[in-house]
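All remarks here apply to the structure that follows.
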Amino acid sequence: MSLRAALLRFEETMGFALPGAGMLAAAIQVQALNDRQAAFNIGDANARVYCVREGLFKQLYVTESGVERIKSFTAEGDLFACPFALRAGGRTQMASVAIGPAVVESIAFARLEELGARELAWQTALRHAFQRLAELKVQRERELLTMSAAQLYQRFAHTQPALLARVPQKDLASYFGVTPVGLNRIIRRLRAGA
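Per our numbering, the sequence shown starts with residue 2, numbered consecutively.
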């Protein structure tokens with residue numbers, strides 16, 4: 002799904018038009034990425050908002066010892082960015098890496114801010130987007146703090162079965178905070194108990 006299609010979907014959901022959305026097309030950059038290639042890395046000055054056109058991405062942090070800790074996955078039609086990098090002089094605090102070949106579209110956040118400064122509809126859209134991001138963050142924090150790895154797996158399998166089928170088990174393990182061997186044991190126990 003393209004960034005333009007994502008904006009149209011947003012307009013339908015919110016029930017109002019985003020003036021000037023069509024003019025953003027000239028500012029959109031399209032980038033094809035290979036497996037394990039980053040849309041952005043930790044520490045980049047990257048004030049862009051991305052939309053996944055094709056493929057799958059993992060947003061991750063890296064520990065001091067070099068271990069990946071996955072915070073989220075994004076698939077076709079999903080948007081991603083690093084909020085820290087969107088402010089003046091900001092840098093990314095996470096990386097976004099392709100899981101397999103992928104295509105993303107991106108636009109400079111400054112363009113969206115310009116529209117927000119001129120149009121109330123864009124101010125509302127940006128507020129809703131950041132509110133949704135905050136909701137997802139709180140949901141993820143709640144799950145990590147209140148659920149076991151087995152419960153996390155079950156919830157993910159129930160709410161995102163298509164994504165479960167696409168994400169490598171080692172990445173799922175990182176997302177749930179366990180080792181790949183630990184996740185394999187959890188899956189075996191759950192299947193045996195079913």
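Each residue gets a CB set at the ideal place from its N, CA and C atoms; glycine is no exception.
Buried or exposed (CB count within 10 angstroms, at least 16 for buried), residue i
i       : result
Lys-59  : buried
Asp-172 : buried
Ala-103 : buried
Phe-81  : buried
Ala-48  : buried
Phe-85  : exposed
Ala-22  : buried
Ala-174 : buried
Ala-135 : exposed
Leu-4   : buried
Nearest residue (CA-CA) to residue i, options the options
i       : options                            : result
Arg-92  : Val-63, Gly-67, Phe-41 and Met-15  : Phe-41
Gln-161 : Ala-18, Thr-75 and Ile-187         : Thr-75
Leu-1   : Leu-34, Thr-14 and Ala-6           : For residue 1 there is no data in the structure shown, the boundaries of the chain being 2 and 195.
Tyr-51  : Val-105, Pro-20, Leu-19 and Glu-77 : Val-105
Gln-94  : Asp-45, Leu-184 and Arg-186        : Asp-45
Straight-line gap, residue i to residue j (C-alpha atoms, nearest Å)
i       : j       : result
Gly-178 : Val-68  : 11 Å
Ala-150 : Leu-8   : 35 Å
Tyr-253 : Arg-70  : Here the chain covers residues 2 to 195 and nothing more, so residue 253 does not appear.
Glu-55  : Val-98  : 13 Å
Asp-79  : Glu-120 : 24 Å
Pro-20  : Leu-191 : 50 Å
Gln-124 : Glu-114 : 8 Å
Val-53  : Ser-73  : 14 Å
Val-139 : His-129 : 15 Å
Leu-283 : Asn-185 : The structure shown does not extend to residue 283, since the chain is modelled only from 2 to 195, so the question has no answer here.
Arg-189 : Pro-169 : 16 Å
Glu-65  : Glu-13  : 43 Å
Leu-165 : Pro-181 : 14 Å
Val-63  : Cys-83  : 15 Å
Ile-187 : Ala-158 : 13 Å
Gly-194 : Phe-131 : 40 Å
Leu-197 : Ala-163 : Since the first and last residues shown for the chain are 2 and 195, residue 197 lies out of range.
Gly-183 : Arg-133 : 32 Å
Ala-118 : Arg-112 : 10 Å
Contact under 8 Å by Cβ, residue i with residue j
i       : j       : result
Ser-107 : Gln-38  : no
Asp-36  : Gly-90  : no
Leu-153 : Glu-144 : yes
Ala-122 : Phe-11  : no
Ile-29  : Ala-96  : no
Leu-34  : Arg-167 : no
Met-148 : Arg-141 : no
Leu-87  : Phe-110 : yes
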